[in-house]
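These notes are about the structure you will find just below.
2 protein chains.
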Amino acid sequence: MEQLTPRSTNYAQWYNDLVLKAGLAEHSAVRGCMVIKPYGFSIWERMRDDLDRRFKETGHENAYFPLFIPKSFLSKEAAHIEGFAKECAVVTHYRLKTSEDGKSVIVDPEAKLEEELIVRPTSETIIWNTYKNWINSYRDLPLLINQWANVVRWEMRTRLFLRTAEFLWQEGHTAHATREEAEVETKLMLDVYSDFVQDILAIPVIKGVKTESERFAGAIDTYCIEALMQDGKALQTGTSHFLGQNFAKAFDVKFTNAAGKQEYVWASSWGVSTRLMGALIMCHSDDNGLVLPPRLAPIQVVLVPIYRKEEERTAMVDACQKLVVELKAVGIRVKLDNDDKKKPGWKFAEYEFKGVPIRLAIGPRDLESGTVELSRRDTLTKESVSINGLSERLPLLLEEIQQSLFERALEFRNQHITPVETWEEFQSVLKNKGGFISAHWDGSTETEEKIKEATKASIRCIPLNNKPEAGACIFSGKPSSQRVYFALAY
Amino acid sequence: MEQLTPRSTNYAQWYNDLVLKAGLAEHSAVRGCMVIKPYGFSIWERMRDDLDRRFKETGHENAYFPLFIPKSFLSKEAAHIEGFAKECAVVTHYRLKTSEDGKSVIVDPEAKLEEELIVRPTSETIIWNTYKNWINSYRDLPLLINQWANVVRWEMRTRLFLRTAEFLWQEGHTAHATREEAEVETKLMLDVYSDFVQDILAIPVIKGVKTESERFAGAIDTYCIEALMQDGKALQTGTSHFLGQNFAKAFDVKFTNAAGKQEYVWASSWGVSTRLMGALIMCHSDDNGLVLPPRLAPIQVVLVPIYRKEEERTAMVDACQKLVVELKAVGIRVKLDNDDKKKPGWKFAEYEFKGVPIRLAIGPRDLESGTVELSRRDTLTKESVSINGLSERLPLLLEEIQQSLFERALEFRNQHITPVETWEEFQSVLKNKGGFISAHWDGSTETEEKIKEATKASIRCIPLNNKPEAGACIFSGKPSSQRVYFALAY
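First to last, the protein sequences are chains A and B.
Numbering that gives the first Met the number 0 applies: residue 0 is where the first sequence begins, and numbers increase by one.
Numbering that gives the first Met the number 0 applies: residue 0 is where the second sequence begins, and numbers increase by one.
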């Protein structure tokens, strides 16, 4: 197993090395598009399944809408097109033909589409155009629909999982009879995301609302959860948008209310993506490779038997298989690796690199004494423990590791929320410490932009639990009624 | 609930009406692309999850490859481009810009791609280009990978689920060290499909191999499962291809074998799609709407309470909720519909239309006598049964319905396999009876094409369990060694 570039040497390189070497993803032959490799995909699948269960428990259904969006749809919501539709993949033709020399294929100029189709960068427009036919009366509301899909945004500078031209995500699109109901939904889904990211990914998040300039194109309010990576940069891990009646007006979606009057429908949309894989990696992993929280890990416990002689093998494999059955019976995702082609040392390095939370190694002496060597991936500690009782001990230990990862990340995050009072302090903390900077801001987009130009830091959010506090904007000195969180961000 | 066009009047219209009115899918604003509605998607999800489990049990892992394929990749496998790449969505540009009058968006002519990208019609080329980097040694083999994805084929005449420009599917792509292993895999996956379609969808299938002209573009052999619809037309419900070394040669994918020698890798690919939804509908449903096999049905049992007075309501809902808990405890997917805004008669029609296998209705008198009215969707029969014991009775009844649907379809299918000896007989059976025609064929593509031109019937497959039998081709009179299955097909 090759060494990773240490985080302290080059964090970006460490990240890229880890994604490649742990078999999570790689760049493809298509610029900006990634291949999600089997191990990476098995982690994404577990995220998807857990989220999907939460969506269904909160009353949502899945559906599927077209990959393509007619170009004219994108112009219908003015703010939406401004923010979104510019960098995208445009389908202009629908046929290839063999070239005249017969050696290659060329685009058939006669097969030009009357109206170009855009590969969806997000689906509000095609979905609201569809909802128009589904909604007539208040009895048709609410519509609580989610879609798991691929989307394309033509990014010029891409990074595996964090920013790719094509990525996988889910997008919820809900329709409601009242403003209040749509706002409740928007916040409910922020809570669903927040609970998921904290409880399963073990990543602490700050819930907040975006400033006007950071809002989703077409939204009235964008709520977000913001996480902190080990290099002190913030990463937005989910957003939930209150869209008001903007898309209903753009696509003329009205309903007859209980009083028989026509009204425009209220909307929310919300999404998380394969970016969560990036957050997961950058929050917990170390210079030895990936570190996975047990609730998410595809393999929670790996069992590596060690033997030299063939006569040791049978007894060893028997003992291991018995243990596997016991551990599976208590719901542990356990893997026995008795592949003779690979040496124990190679396996140790491999599972450490892939972030398996607990490794159990059993040698002939262990078998005699009824013990195993138990290694924790998060602390890299080892101890000899009794084989008896592992089916009680391991579920508790997995939970302990889950909690410990969360608390470690929470402590780091909390140590990296720094209140500052002056512009000098702001710049110094940003440069020397990183993390979230809690500072007064005058509320203007102009100031926000000047701060960003000067430092690259953006306002990540106005925290939802914010207390009113009179102060002066760190940049303009103008009066401010609350602090907001600034940070450098992915 | 509006009436469906009866099957006997217009089968195609019946199908389209049913898909729309049962809330399964509808046409979208994008030509040829469908919207899969929540109820339709919940059925597809159950297919997907069951298949996914079977793939994993047979050692496969999921991964994700790019949506786009560079145009030049398609030319690399000669047969592949001939059969496939012509009717497809071509991305030529990556940016839109605001028009000069500021009123609309136009494609930015400066953002033209150097090489056009094709929206994947199937992924052999991009995947084998990726496998090149993953495979070096026999130790890297086999690679057993599946992808769930959307694909696009620019169909001019589309029908919901059966033939759409965009559809959802899975595509397995495996790489092996030997020809034998790749062939075993190809046949294994045909069995996985066959078991799934027969056991879950309750659709009997014929396993066979395609003739040369019906083979997948780039395959050495295409295996298929063919099902029969109620109108006597065949529908291919799954294919598994032995690709030989064709794609390995096209993308130069070699491995070092155990003896240290370089060899090209052997391949299979296999897929099923949302077409299965069309097969499901056309195999079992009737003039009253959808009929779903219990193992697949998202709702297996619906419970409709009937009451007039408010004081009846509480006792009724209590009794129903108690029953729901009991039925859920034995693993039944049960829905209690106590929506007061809708009348029982409307609900009866709705769940009948949506194909829920068992309906239970409970009125005040039933409550007194401890009975429910039980209606079977497949037979449209009703009986009064005791509430006590439903949690034992219903699982058995659901299995009975599952078997009964399969047997009904099997009987119909078997009655519609007609051996014919002459060309006159062939034409007469095709016109008056439909179904599969078992006939001798001289083995030439020329004859196959002439028969297709004359009758539109194609050779669906050469059945895998075929017995050698000397005879004369029904069309050319030339000698033949076995019978093949002809049919009109979707």
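Every residue gets a Cβ at the ideal spot worked out from N, C-alpha and C, and that includes glycine.
Q: Show which residues of chain A have a CB atom less than 9 angstroms away from the CB atom of L167 of chain B.
A: Y63
(Q) Could you check whether N128 of chain A and F72 of chain A sit closer than 8 angstroms to each other, using their CB atoms as the reference points? (A) yes
Q. Secondary structure at S480 of chain B, three-state DSSP: helix, strand or coil?
A. coil
**Q.** Bridge partner(s) assigned by DSSP for H79 of chain B
**A.** Answer is none; H79 of chain B lacks a bridge partner.
(Q) I'd like the span of the beta strand (DSSP E) that includes V303 of chain A, first residue to last. (A) V300 to P304
Q) Should T91 of chain B be flagged as near chain A, meaning a C-beta pair shorter than 8 angstroms? A) yes
(Q) Less than 8 angstroms between the C-beta atoms of T494 of chain B and L429 of chain B, yes or no? (A) Because chain B in this structure spans residues 0 to 489, residue 494 of chain B falls outside the shown range and cannot be described.
Q) Between H92 of chain A and R294 of chain B, what straight-line distance do the alpha-carbon atoms span, to the nearest angstrom? A) 42 angstroms
**Q.** Cut-off 8 angstroms between Cβ atoms - residues of its own chain near S27 of chain B, not counting five sequence neighbours on either side
**A.** M33 and V34
Q. Any idea what DSSP makes of E382 of chain A, helix, strand or coil?
A. strand
Q) Under the rule that 16 or more other beta-carbon atoms within 10 Å means buried, what is G388 of chain B, buried or exposed? A) exposed
Q.
If the cut-off is 8 angstroms on Cβ atoms, which residues from the region 50 to 75 of chain A count as contacting chain B, listed in chain order?
A. E60, N61, A62, Y63, F64, P65, L66, F67, I68, P69, K70, S71, F72, L73 and S74
Q) What does P343 of chain B touch in chain A if you count any residue whose Cβ is under 8 angstroms from its own? A) Result: empty, since nearest Cβ-Cβ is about 17 angstroms, beyond 8 angstroms.
Q: Tell me where the alpha helix (DSSP H) around H283 of chain B begins and ends.
A: R274 to H283
Q. What do you get for E382 of chain A, buried or exposed, if any count of 16 or more other CB atoms within 10 angstroms of its CB means buried?
A. exposed
Q.
Short of 8 angstroms in beta carbon distance, which residues of its chain neighbour R6 of chain B, apart from the five on each side in sequence? Order them along the chain.
A. W13, Q229, D230, D285 and D286
Q | Counted within 10 angstroms of its Cβ, other Cβ atoms place L291 of chain A as buried (16 or more) or exposed | A | buried
Q.
Just to confirm the assignment, what range does the alpha helix (DSSP H) spanning A314 of chain B have?
A. E309 to A328
Q: For E391 of chain A, count neighbouring C-beta atoms within 10 Å of its own C-beta (all shown protein chains included) and say buried if the count is 16 or more, exposed if not.
A: exposed
Q: Kindly say whether W153 of chain B, judged by its beta-carbon, lies nearer than 8 angstroms to any beta-carbon of chain A.
A: yes
Q: Could you tell me which uninterrupted beta strand (DSSP E) segments, each at least 3 residues in length, are contained entirely in the region 63 to 129 of chain B, listed from first to last along the chain?
A: 67 to 69, 86 to 97, 104 to 106 and 111 to 118
Q. Leaving out the 5 sequence neighbours to the left and right, which residues in its chain are closer than 6 angstroms to T238 of chain B when beta-carbon positions are compared?
A. T221 and C223
Q. Count the other CB atoms within 10 Å of the CB of K346 of chain B; is the residue buried (16 or more) or exposed (fewer)?
A. buried
Q. How close, in whole Å, do the beta carbons of L167 of chain A and N145 of chain A come, if the pair is a contact with beta carbons under 8 angstroms?
A. Their Cβ separation, rounded to whole angstroms, is 14 angstroms, which puts L167 of chain A and N145 of chain A out of contact at 8 angstroms.
Q: Could you check what DSSP says for T421 of chain B in three-state terms: helix, strand or coil?
A: coil
Q.
Below 8 angstroms on the Cβ atoms is my contact criterion, and I expect H175 of chain A with P141 of chain A to pass it. Report the Cβ-Cβ distance as a whole number of Å.
A. 5 angstroms
Q) Nearest to T210 of chain A by alpha carbon, out of A:L19, A:E448, A:E452 and A:G470? A) A:E448
Q) Could one say the Cβ of K353 of chain A lies closer than 8 angstroms to chain B's Cβ atoms, at least one of them? A) no
**Q.** Cβ of S41 of chain B within 8 angstroms of any chain A Cβ
**A.** yes
**Q.** Those residues which DSSP pairs with V271 of chain B across a bridge
**A.** B:Q169
Q.
Give me, in chain order, the residues of the same chain whose beta-carbon lies closer than 8 angstroms to that of L404 of chain A; leave out the 5 immediate sequence neighbours on both sides.
A. A201, H283, V290, P292 and D377
Q.
Within 8 angstroms, do at least three Cβ pairs link the region 184 to 198 of chain B to the region 238 to 248 of chain B?
A. yes
**Q.** Exposure label - I105 of chain A; buried when at least 16 CB within 10 Å
**A.** exposed
Q) For S103 of chain B, which residues in chain A fall below 8 angstroms Cβ to Cβ? A) S71 and S74
Q: Could you tell me the distance, in whole angstroms, from the CA atom of V264 of chain B to the CA atom of R94 of chain A?
A: 31 angstroms
Q) Are E311 of chain A and P363 of chain A touching if we call contact CB-CB under 8 angstroms? A) yes
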